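J.: Got a structure here, written out as structure tokens. Questions coming.
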Amino acid sequence: DTGVSQDPRHKITKRGQNVTFRCDPISEHNRLYWYRQTLGQGPEFLTYFQNEAQLEKSRLLSDRFSAERPKGSFSTLEIQRTEQGDSAMYLCASSPGQLHPQHFGDGTRLSIL
Amino acid sequence: QQQVKQSPQSLIVQKGGIPIINCAYENTAFDYFPWYQQFPGKGPALLIAIRPDVSEKKEGRFTISFNKSAKQFSLHIMDSQPGDSATYFCAAREGGKLIFGQGTELSVKP
Numbered sequence: 094d095t096g097v098s099q100d101p102r103h104k105i106t107k108r109g110q111n112v113t114f115r116c117d118p119i120s121e122h123n124r125l126y127w128y129r130q131t132l133g134q135g136p137e138f139l140t141y142f143q144n145e146a147q148l149e150k151s152r153l154l155s156d157r158f159s160a161e162r163p164k165g166s167f168s169t170l171e172i173q174r175t176e177q178g179d180s181a182m183y184l185c186a187s188s189p190g191q192l193h194p195q196h197f198g199d200g201t202r203l204s205i206l
Numbered sequence: 003q004q005q006v007k008q009s010p011q012s013l014i015v016q017k018g019g020i021p022i023i024n025c026a027y028e029n030t031a032f033d034y035f036p037w038y039q040q041f042p043g044k045g046p047a048l049l050i051a052i053r054p055d056v057s058e059k060k061e062g063r064f065t066i067s068f069n070k071s072a073k074q075f076s077l078h079i080m081d082s083q084p085g086d087s088a089t090y091f092c093a094a095r096e097g098g099k100l101i102f103g104q105g106t107e108l109s110v111k112p
């Protein structure tokens, strides 16, 4: 499978715990994007990288959220001190460049108990 | 603020029918308009996309109609099949990010 890969697919955690998700983009895609999708809504942009540089962050990305792409390949999204409102599907997408289509992974579904 | 408005929220058609999903936008800086299909438990999959200098694009059974002056675009699915039952999202690109509509849940009855 050469598509965007996300791990884990599901994460259940207690409120207040920290969680980390991983995204492996399609090979040689230098742009990587994170979105969040809640039930019945369209995905909402969180942040994106070109290679290892984080170029834009949404106001949705509070101080508890941090994303990295240290070597310009895979990316991690960490949520600290999780809250009930963080329950959502976290989607990762990648593209070869700005003017190219974004291809999505199947997401990580986060449930906060 | 909803930058991309999508309607209807849900749609039921008979097999062979032509469902039409509409989207409207305000931001003239948007430069690319894709449509995604999403099945339960899966990520959005790119269906078809159009740039604002083109008024229509067809790929297989899927057609996008684009009206730049009205800031509206729509997806038509020809000869719809039960396997097309899914949620459809329009989107618009601004800089590096996509802004999505709220989605349309399509059900195609046999």
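Protein sequences appear in the order of chains A and B.
For the first sequence, our numbering begins at 94 and goes up steadily by one.
For the second sequence, our numbering begins at 3 and goes up steadily by one.
Ideal placement from N, C-alpha and C gives every residue a C-beta, glycine not left out.
The structure presented is a predicted model; accordingly, all values stated were derived computationally and were not measured.
1. Would you verify that the beta carbon of Tyr141(A) is, or is not, closer than 8 Å to some beta carbon of chain B?
2. Apart from the five residues on each side of it in sequence, which residues of its chain come closer than 7 Å, Cβ to Cβ, to Phe102(B)?
3. Quick one: grab the DSSP three-state call for Pro42(B).
4. Residues of chain E with CB under 9 Å from Gln104(B), in chain order?
5. Of all the options His122(A), Arg102(A), Ser180(A), which has the alpha carbon lying nearest to the alpha carbon of Gly43(B)?
6. On the DSSP letters alone, give me the boundaries of the beta strand (DSSP E) that His78(B) sits inside.
7. My output table needs one value for Asp100(A): the three-state DSSP class, helix, strand or coil.
8. Leaving out five residues before and five after Ser204(A) in sequence, what residues of the same chain have Cβ atoms less than 8 Å from its Cβ?
9. Please confirm whether Ala51(B) has its beta-carbon closer than 8 Å to some beta-carbon of chain A.
T.: Let me lay it out:
1. Taking the first residue of the first sequence as 1, we reach residue 141(A) at position 48. Any Cβ of chain B closer than 8 Å to the Cβ of Tyr141(A) would place that residue at the interface, and such an atom is present.
2. As a working mapping, residue 102(B) is identified with position 100 in the second sequence. Once the five neighbours on either side are set aside, the close Cβ partners of Phe102(B) are Val6, Phe91, Ala93.
3. Within the second sequence, the letter at position 40 stands for residue 42(B). Three-state DSSP puts Pro42(B) in coil, outside helix and strand.
4. The structure shown has no chain E; the protein chains it does contain are A and B.
5. Here residue 43(B) is taken as the residue at index 41 of the second sequence, counted from 1. The residue from His122(A), Arg102(A), Ser180(A) with its alpha-carbon nearest to that of Gly43(B) is Arg102(A).
6. Counted from its first residue, the second sequence places residue 78(B) at position 76. Unbroken beta strand (DSSP E) run through His78(B): 74 to 79.
7. Against the first sequence, residue 100(A) aligns to sequence position 7. Looking at Asp100(A) - three-state DSSP - the assignment turns out to be strand.
8. Counting from one through the first sequence, the residue named residue 204(A) turns up at place 111. Correct list, in chain order: His103, Lys104, Ile105, Thr106, Ser180.
9. Taking the first residue of the second sequence as position 1, residue 51(B) is located at position 49. The beta carbon of Ala51(B) sits closer than 8 Å to some beta carbon of chain A.
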